[in-house]
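Worksheet: one structure, shown below.
Protein chains in written order, with this note's numbering: chain A, 5 to 76; chain B, 29 to 429.
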């Protein structure tokens, strides 16, 4: 999968690390390995891999993540 | 064939030791006799058979091998072997035949010899998905909770909102899952997370969502591994085979617009010095149709299959590259009917543009493109493609004079 990358700098993914409570569910549901836990909080380590599927947004208990794609 | 295989599975399964026959009870879950029992020493305590589950106007599905009695009523047990009919319909659906009406009835199913401690695996009611799951469950005893996703696969249904928190909660309640299992958890495929909010399911149904692996083939190791998915199980893949298997539908989706284009091409190809020539329409029309076909094959088949090997991240550009190369030998074949260099150039540009457009279409079938990226690509390339089509048609008509 490493050789299949889509456009850089287009994702609308935003993570508010301040409000993250460190449940790590985003690292579990993301099918592209966008998140990793760092110092007890989620951190975006590969934003360009994000395909804005919204799994993280849907499962974040404190709404610390958002994606706002248009119609595609 | 099917019978032999299920017989093999039966002898394979510990719980169904021939001495115990079919009538073992596990934690209050009574397992009922299967089809006409052949060699097993049949018991007198239970005479239930498949025929007891027949109802006027209903037919038992071919993948249901028997029924299992639970505190919530009889539950169909499915086979893990795909029969010839399953394989044939899988092939048809992959080619786009009956693709939108290929479903199993939502609700609770069983596989193996599940009891009150067995896991509940959640899936969608697209039969391709359902078959994919059950064929990976040989030797596994589990419950399968099928959500009503209107025959759409888990991931697409999750993003369209049918594989959802509400639907999961509804199915948990409708199947009286609390009477089926003692634990309070369901295994949801990871790609369902786009539509399911774990904490909300817990709040509304009392059941905890455990996110399982993406691919059904990892389910067994996931269960063995104490319901832990490793990194590889959590990441989508898009192998050459996975890309190839999608291409018949890509081509099939192009057929309708292609047919309209073919008619137009024959009309346009008839224009010439004598205003309209039927012979010209036929000869030059065929050449342009071949250019169209080359473009579709390039964009909807060659580009998807060779995806990572074609330069550029932009699908429209990938299509241009493949189309530019592929159309050259194809056009060499129709050289004589193309009315010279200008005509050939027009056909080449046309073929490349069709390839670019169909390749761009493939973004929708991949597991790594983002809507924002696709939007950016389309905004940039749809105008380019439109202009190129107009230029190629203009030159094509001009070349006839």
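Beta carbons: idealized from backbone N, C-alpha and C, even for Gly. Predicted, not measured: the structure shown is a model, and the values here were computed from it.
Assumed close pair residue i, residue j - CB separation to whole angstroms, cut-off 8 Å
| i | j | result |
| --- | --- | --- |
| residue 243 of chain B | residue 332 of chain B | With a Cβ gap of about 20 Å, residue 243 of chain B and residue 332 of chain B do not count as contacting. |
| residue 21 of chain A | residue 264 of chain B | About 25 Å; that fails the 8 Å criterion. |
| residue 240 of chain B | residue 257 of chain B | 7 Å |
| residue 73 of chain A | residue 399 of chain B | 4 Å |
| residue 150 of chain B | residue 173 of chain B | 5 Å |
| residue 213 of chain B | residue 235 of chain B | 6 Å |
| residue 17 of chain B | residue 382 of chain B | No answer is possible for residue 17 of chain B: the residues shown for chain B start at 29 and end at 429. |
| residue 164 of chain B | residue 247 of chain B | 6 Å |
For residue i, the first and last residue of its enclosing alpha helix (DSSP H)
| i | result |
| --- | --- |
| residue 252 of chain B | 247-252 |
| residue 159 of chain B | 155-162 |
| residue 325 of chain B | 306-325 |
| residue 279 of chain B | 275-298 |
| residue 31 of chain A | 29-33 |
| residue 232 of chain B | 226-233 |
| residue 47 of chain A | From DSSP, residue 47 of chain A is part of no alpha helix (DSSP H) but of the beta strand (DSSP E) over 45-48. |
| residue 240 of chain B | Premise fails: residue 240 of chain B lies in the beta strand (DSSP E), 236-240, not in any alpha helix (DSSP H). |
| residue 269 of chain B | 268-272 |
| residue 73 of chain A | Looking at the DSSP string, residue 73 of chain A is not in any alpha helix (DSSP H), and its letter there is neither H nor E. |
Segment limits, beta strand (DSSP E) that includes residue i
| i | result |
| --- | --- |
| residue 216 of chain B | 213-217 |
| residue 97 of chain B | 92-98 |
| residue 40 of chain A | 39-42 |
| residue 103 of chain B | 101-106 |
| residue 138 of chain B | 135-139 |
| residue 172 of chain B | 170-175 |
| residue 11 of chain A | Run containing residue 11 of chain A: none; DSSP gives neither H nor E here. |
| residue 151 of chain B | 148-152 |
Residue i burial status per 10 Å Cβ neighbour count (16 or more: buried)
| i | result |
| --- | --- |
| residue 64 of chain B | Note that residue 64 of chain B has pLDDT 39, beneath the 50 cutoff, so the model's placement of it is unreliable and no number is given. |
| residue 324 of chain B | buried |
| residue 155 of chain B | buried |
| residue 288 of chain B | exposed |
| residue 7 of chain A | exposed |
| residue 89 of chain B | exposed |
| residue 83 of chain B | exposed |
| residue 363 of chain B | exposed |
| residue 410 of chain B | exposed |
| residue 21 of chain B | What the structure shows of chain B is the stretch from 29 to 429, and residue 21 of chain B is not part of that stretch, so it cannot be assessed. |
| residue 223 of chain B | buried |
| residue 43 of chain A | exposed |
| residue 103 of chain B | buried |
| residue 46 of chain B | A caution first: residue 46 of chain B carries a pLDDT of 37, below 50, which makes its placement in the model unreliable, though a value can still be read off. The residue in question, residue 46 of chain B, is exposed, as its Cβ has fewer than 16 Cβ neighbours within 10 Å. |
| residue 50 of chain B | Low confidence applies here, because residue 50 of chain B scores a pLDDT of 39, under 50, leaving its location unreliable; read the following figure in that light. Answer is buried; the Cβ neighbour count reaches 16. |
| residue 357 of chain B | exposed |
| residue 389 of chain B | buried |
Pair within 9 Å by beta-carbon distance, residue i and residue j
| i | j | result |
| --- | --- | --- |
| residue 379 of chain B | residue 354 of chain B | yes |
| residue 120 of chain B | residue 126 of chain B | yes |
| residue 49 of chain A | residue 60 of chain A | no |
| residue 313 of chain B | residue 283 of chain B | no |
| residue 86 of chain B | residue 106 of chain B | no |
| residue 391 of chain B | residue 343 of chain B | yes |
| residue 238 of chain B | residue 259 of chain B | no |
| residue 148 of chain B | residue 193 of chain B | no |
Residues of the region 25-44 of chain A whose Cβ lies closer than 9 Å to any Cβ of chain B, in chain order: Hits within the stretch, in order: 29, 31, 32, 33, 34, 35, 36 and 37.
Taking beta-carbon pairs under 8 Å, can you tell me which members of the region 333-364 of chain B lie near chain A? Flagged, chain order: 335, 336, 341 and 342.
Return the residues of the region 234-246 of chain B that lie within a Cβ-Cβ distance of less than 7 Å from chain A, sorted by chain order. Only those residues of the region 234-246 of chain B whose C-beta falls short of 7 Å from the nearest C-beta of chain A are listed: 239 and 242.
The region 258-279 of chain B: which residues have C-beta closer than 8 Å to a C-beta of chain A, in chain order? 259, 262, 263, 264, 265 and 266
At a CB distance below 7 Å, what residues from the region 49-65 of chain A approach chain B? Give them in sequence order. 54, 55, 56, 57, 58, 59, 62, 63 and 65
When you check each C-beta in the region 6-18 of chain A against every C-beta of chain B, which residues fall closer than 7 Å? 7, 8, 9, 10, 11, 14, 15 and 16
Of the residues that make up the region 92-117 of chain B, which ones have a beta carbon closer than 9 Å to any beta carbon in chain A? none
Select from the region 391-407 of chain B all residues with a C-beta closer than 9 Å to any C-beta belonging to chain A, and list them in chain order. 391, 392, 394, 395, 396, 397, 398, 399, 400, 401, 402, 403, 404, 405 and 406
Residues within the region 205-219 of chain B neighbouring chain A, beta-carbon criterion of under 8 Å: 218 and 219
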